[in-house]
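**Q** Protein chains in written order, with this note's numbering: chain A, 1 to 663; chain B, 664 to 791; chain C, 792 to 1070. The beta-carbon is built from N, C-alpha and C at its ideal position, and this holds for glycine as well. All values derive from a computational prediction rather than experimental measurement. My questions will all concern the structure given below.
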Amino acid sequence: MQKIGVFVCHCGTNIAGTVDVRAVAEALKNEPGVAFSTDYQYMCSEAGQNIIKNAIRDNHLTGAVICSCSPRMHEATFRKTAVSAGLNPYMLEIANIREQCSWIHKDTAAATEKAIILGKAAVAKVNLNSPLTAGESPVSKRALVIGGGIAGIQTALDIAEAGFKVDIVEKSPTIGGKMAQLDKTFPTLDCAACILTPKMVEAAQHENITIYSYSEVAEVKGFVGNFSVKIKRKARYVKEDVCTGCGACTEKCPQKKVPNEFNLGMNKRSAIYIPFAQAVPKVAAIDPDYCTMLKTGKCGICSKVCTAKAIDYTQQDEYIEEKYGAIVAATGYNPISLEKFDEFAYSQSPDVVTSLEYERLMNAAGPTNGTLLRPSDGTHPHTIVFVQCVGSRDISGCGKPYCSKICCMYTAKHAMLTREKYPDTEVYVFYIDVRTPGKNFDEFYRRAVEDYDVHYIKGMVGKVAPSADGKLMVQASDLIADEQLHIAADMVVLAAAIEPDKSARPLATMLTASMDTNDFFTEAHPKLRPVESPTAGIFLSGTCQGPKDIPETVSQAGAAAVKVIGLLAKDKLTCNPCVAHSDELLCNGCSSCEKVCPYGAISYSDKEFKMPDRTIAIRRTASVNAAVCQGCGACTVACPSGAMDLNGFSNRQIMAEVDAICR
Amino acid sequence: MSGTNSDLTEQVLRTSGVNVRKCMRCGKCSGTCPSYGEMEYHPHQFVYMVEKGEIDALMKSSYRCLSCMACVERCPRGVEPLKLIEAVRLMVVRQQGQNHLKADQIPGLLDEELPQQAIVSAFRKYSK
Amino acid sequence: MKEGQTIMIFSYYPGCTLKTKAKDLDRYARKSAEYLGVTLEELPEWQCCGASYPMARDEIATKLSSVRALMSAKELDHDLVTVCSACHNVIKQVNNDMKNGGNTAKKVNNYLNPEVEYNGETNVIHYLEMLRDKIGFDVLSKAVRKPFAGKKIAAYYGCMLLRPGKVMQMDNPENPTIMEDFIRAIGGDPVIYPYRNECCGGYITLEDNCIAEKVSGKVLSSAQENGAELILTACPLCLYNLTKCGPENKIPVYYFTELLAEALGVKNEGGAENVGNEQ
């Protein structure tokens, strides 16, 4: 017979306000197996924990029931208390009389009765508990960062500085992401490339960082501490270790009509290309969709002019496998497609551009070398209209329901930079709200209005009609003046909503990481655990978790790195001992459990059994990998012969709880 | 049927099925309305007026809307201001003798080529 | 008639205006359909659809004639084709109400008390959708005998064919292509201009034609300044508004079925004059 101690917590008035805790302690004293019963105001406090410890020691208790808040709050706390008193932590159960009782009922008599029943069930279970020992699994001391934008780079740098090895996998031929396409960044108006490229170079040169550019994650297996990942290195047709990045091939390549994705299709590049001058790695890649040699077998000019002999038309995709202890998702964002917003004439006029396209037009390394020119005729624009919230805060089904967060600030930035460079250009911004929550953000936007004379109008553009003389007739409402305005603009800039990169969803499936309906990775807790996925070992960095600007991205990247470092610093991870196990004498080899296991923790093998008649029979039986098993219990339910059972939640224990409730 | 303003508001909301609280005051409806210059109250205003219960004022002045559905198509919140206008018109014309367009006015407005489609839809929108 | 072409049959709802002030729109629709191997069977009994869709949730009586037309088509087991933009808009929206099974659907079924309830089973398509989806614009362009040889034609959609986008589902309401594809199929050179999907003024022309003039005027100037030589439309009221308004040297407005008939070479039977693809 067990000697169980019952400890009922008041939780201030959270529990005691509705449940008569003294009565509960009294009632449970008489339960079979209970040797000690008491109540206290705050069991989780140091004083409360001391009560538990002393009671365990003085009464030689073999088990404990804590009637308190949800086990999600303090099960870990009380288990540690038990250990420090010399009691196995799995001989302790929590009866949730707060979230499941006092917080949801108003009638004190009924609530008290329910609390007593919940306590009885817990006691019945502990009576059947056996001490469990947690297993251990090793940790591979290497981290994988998926995505080489500012978020991925920063996370990798922080992890590498702590002394751990990191691999960055980036799907385009260079790291840098969206920040490499920006001109200046708010609120400081630093040149984006000037602050990013040192970090890119640092990442390339750091002894702990390996960059796999032009690569994608193909497969992920395993679990926290022991991920096994297959990475596909796409064929560049250029030898990465030989190419010097001199660029001679890009100059001589005859195929010069490829839309340049770095400039969002606003100019052209060659079939063999280096994405931009500061690319890391500075290695050319051949675009197989446009290369004449790869498509028809005729040309080969780049190979002839390459002094380093780096061109290799026979190169194949390569697959490598690597083991990692932690994985960080940093896949970034893209502006949405504007095909459902043609009231703004985006498809009809080249002078209607998205903000990212405008950023490229302003950039000194952009398609017009930094001079702001209308894409249609190369003339200087004298009137520019900025439209906010195109596709954001939109529940009509055409756009995204959320606010994209960065657009108010970057539009203020565009407006201010335009006015500064071209004082003769009139700039209008049509807004619904101006959202400037960060440090120095509101002051920044007010400078645009007050010092740079940007016309901020509360209202929205209803239609942009390109007229035959090349102007864009903008029809908009001014809500404060109660007027409909008609402005003849030279350019219209649309602040398009941002959405997660399309590679995020298939990646989430590979990682079994959860995602919300907008394809943002979900965090384990929106306030208290913002950089971890609920899936152990997967961490989140940057806009893949939600829209954010550069200061927030860098903060979050550092936070994700710290979590990774905390994981990799351990030599061993403690496993959850509440795992399934199969009684091989009862197992009939049907495979039902293997099929329902979401974690791939069950495998089958042939085993020899000595039969009663002294012969040896070979039978197929299940065995559970305790390190992978998460204790979900699906196999236990599926098993038709009752061979599968769950440590700490055995069938007998569950039935005992039910019996106690029904008594 | 000319009840108190709150009765009328309730009827307008019920007849139209519009949730005026979805409106985020962006003004795109007014920005896109082709009839803006002719109206006394503009789309973004009449959504707010219905919310505040100023139906009386609206009942006198809702006849310049073309029912073109530009506001319905382009509103990012799915508010459908046109439905409110039609509901307000119904508050007027469902009262005896309160049709905006009366049958004896028609002969004076006709011309040879006018398709009867115009007369029928005007009657639909302005009368009962 | 092409040899070996299967004959398609559709139920046809002309609408009252097509029987009176807009006979051309109807006549040329039928002639062209016949030539392309399509039989448009006019519904045996139909009433005026009302020309505009009542948005109020408790308007039931005004939707009944549309439901009767839809039920008739369902009985005959054919898709229902409409030509007039306004009829198409009303009937399609009413059909959508009946599909949703809400308040309107229940009350209508209760009142009409048919043997079998009507729940939006009939498929309502516009004549242009019939050309695009059932016949195919490529088949159409092969059947054209007198192509419009590069004539700059502006399509005028008006507001009824495309809005509300979620229900009409004919095309992208802000960037449609169906009429431009039609123009190409009959050999013309489509002109894209920003006011092709904006209202002509509609019924306000009855009471206050100044407003109609203003908005129609915008449509016409926009088409004209983009180089259009003529405009085509599917709605009798749009044709009326556009023809009455606009600048002095305004461009002519035609029904799309008239141009279709001319391109197919079936227009002149009966002495009708050509629009001018023979310069």
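Spell out the partners DSSP gives residue 644/A in its beta bridges.
**A** Its beta-bridge partners are 582/A.
**Q** DSSP three-state label for residue 659/A, please.
**A** Residue state, collapsed to three classes: helix.
**Q** Kindly indicate which three-state DSSP category residue 681/B falls into: helix, strand or coil?
**A** Note: residue 681/B maps to coil in three-state DSSP.
**Q** What's the call for residue 444/A, buried or exposed, on a 16-neighbour Cβ count within 10 Å?
**A** Counting Cβ neighbours within 10 Å, residue 444/A comes out buried, since at least 16 surround it.
**Q** Measuring alpha carbon to alpha carbon, tell me which of 841/C, 943/C and 999/C ends up nearest residue 984/C.
**A** For residue 984/C, the nearest C-alpha among the options comes from 943/C.
**Q** Tell me whether residue 159/A is buried or exposed, calling it buried when 16 or more other Cβ atoms sit within 10 Å of its Cβ.
**A** By the neighbour-count rule (16 or more Cβ atoms within 10 Å), residue 159/A is buried.
**Q** Taking residue 1020/C as the query, report the chain A residues whose CB atoms sit under 8 Å from its CB, ordered along the chain.
**A** Residues of chain A passing the Cβ test: none, with the nearest at roughly 14 Å.
**Q** Looking at chain C, is there any beta carbon in it that lies within less than 8 Å of the beta carbon of residue 684/B?
**A** Judged by the 8 Å Cβ criterion, residue 684/B is not in contact with chain C.
**Q** When we look at the beta-carbon of residue 316/A and count the other beta-carbons within 10 Å, is it buried (16 or more) or exposed?
**A** Exposed: under 16 other Cβ atoms inside 10 Å.
**Q** Can you check whether the C-beta of residue 901/C is within less than 8 Å of a C-beta belonging to chain A?
**A** No, because no Cβ of chain A sits closer than 8 Å to the Cβ of residue 901/C.
**Q** Going by beta-carbon coordinates alone, are residue 1011/C and residue 990/C separated by less than 8 Å?
**A** Cβ atoms of residue 1011/C and residue 990/C: not closer than 8 Å.
**Q** Using three-state DSSP, classify residue 451/A as helix, strand or coil.
**A** Reduced to three states, the DSSP call for residue 451/A is coil.
**Q** What is the rounded straight-line gap between the Cα of residue 973/C and the Cα of residue 1016/C?
**A** Going by the C-alpha atoms only, they are around 22 Å apart.
**Q** Helix, strand or coil for residue 674/A per DSSP?
**A** The requested residue 674/A does not occur in the structure, where chain A is confined to residues 1 to 663.
**Q** Is any beta-carbon of chain B found at less than 8 Å from that of residue 28/A?
**A** No, residue 28/A lies away from the interface with chain B (no Cβ there is under 8 Å from its Cβ).
**Q** At 8 Å on the CB atoms, spell out the chain C contacts of residue 731/B, in chain order.
**A** Chain C residues near residue 731/B: 950, 954, 989, 990 and 993.
**Q** Going along the chain, which residues of its own chain have a beta-carbon closer than 7 Å to the beta-carbon of residue 652/A, five neighbours each way excluded?
**A** Excluding residues within five positions, the ones whose Cβ falls inside 7 Å are 128.
**Q** Skipping 5 residues on each side, what residues in its chain have a beta carbon closer than 8 Å to that of residue 1018/C?
**A** Cβ within range, chain order: 943 and 982.
**Q** Going residue by residue through the segment 961-991 of chain C, where are the continuous beta strand (DSSP E) segments of at least 3 residues, counting only ones entirely within it?
**A** Taking only runs of at least 3 residues, the beta strand (DSSP E) segments lying wholly in the segment 961-991 of chain C are 980-982.
**Q** Whose CA, out of 313/A, 125/A, 105/A and 330/A, lies closest to the CA of residue 513/A?
**A** The shortest Cα separation from residue 513/A among 313/A, 125/A, 105/A and 330/A belongs to 330/A.
**Q** With a threshold of 6 Å on Cβ separation, who are the neighbours of residue 913/C within its own chain once the five nearest residues in sequence on each side are excluded?
**A** Here the set comprises 861, 864, 865 and 871.
**Q** How about residue 231/A and residue 203/A: are their beta carbons less than 8 Å apart?
**A** Contact: no.
**Q** Between residue 33/A and residue 51/A, how many whole angstroms is the CB-CB distance? I'm expecting something under 8 Å.
**A** About 20 Å separates the two Cβ atoms, so there is no contact after all.
**Q** Could you compute how far the alpha carbon of residue 622/A sits from the alpha carbon of residue 606/A?
**A** Rounded to whole angstroms, residue 622/A to residue 606/A spans 9 Å at the Cα level.
**Q** Using 10 angstroms around the beta-carbon of residue 774/B, count the other beta-carbons present and answer buried if the total reaches 16, otherwise exposed.
**A** Exposed.
**Q** Among the candidates 747/B, 736/B, 727/B and 707/B, whose CA atom is the shortest distance from the CA of residue 478/A?
**A** Of the listed residues, the one whose Cα sits closest to residue 478/A is 707/B.
**Q** Please check if any C-beta of chain A sits within less than 8 Å of the C-beta of residue 891/C.
**A** Chain A contact via Cβ: absent.
**Q** Can you give the beta carbon distance from residue 163/A to residue 537/A, rounded, assuming they're within the 8 Å contact cut?
**A** 19 Å between Cβ atoms; not a contact.
**Q** Under the rule that 16 or more other beta-carbon atoms within 10 Å means buried, what is residue 543/A, buried or exposed?
**A** The residue in question, residue 543/A, is buried, as its Cβ has 16 or more Cβ neighbours within 10 Å.
**Q** Find the residues of chain A that neighbour residue 1013/C, judging by a C-beta separation of less than 8 Å, and give them in chain order.
**A** Those within 8 Å of residue 1013/C in chain A are 465 and 467.
**Q** Exposed or buried, what is residue 498/A when buried is set at 16 or more other beta-carbons lying within 10 Å of its beta-carbon?
**A** It counts as buried.
**Q** Where are the beta strand (DSSP E) runs, 3 residues long or more, that stay fully inside the segment 611-640 of chain A, in chain order?
**A** Correct list: 616-624.
**Q** Measure from the alpha carbon of residue 588/A to the alpha carbon of each residue in 596/A, 601/A and 618/A, then state which is nearest.
**A** Per the Cα distances, 618/A.
**Q** So, helix, strand or coil for residue 742/C, using DSSP?
**A** Summary: the structure shown does not reach residue 742/C, with chain C confined to residues 792 through 1070, and so no result is reported for it.
**Q** Please determine, among 808/C, 1050/C, 805/C and 810/C, the residue with the shortest C-alpha to C-alpha distance to residue 932/C.
**A** Closest by alpha carbon: 1050/C.
**Q** When the distance is taken between beta carbons, is residue 328/A closer than 8 Å to residue 682/A?
**A** Outside the shown range of chain A (1 to 663) lies residue 682/A, about which nothing can therefore be said.
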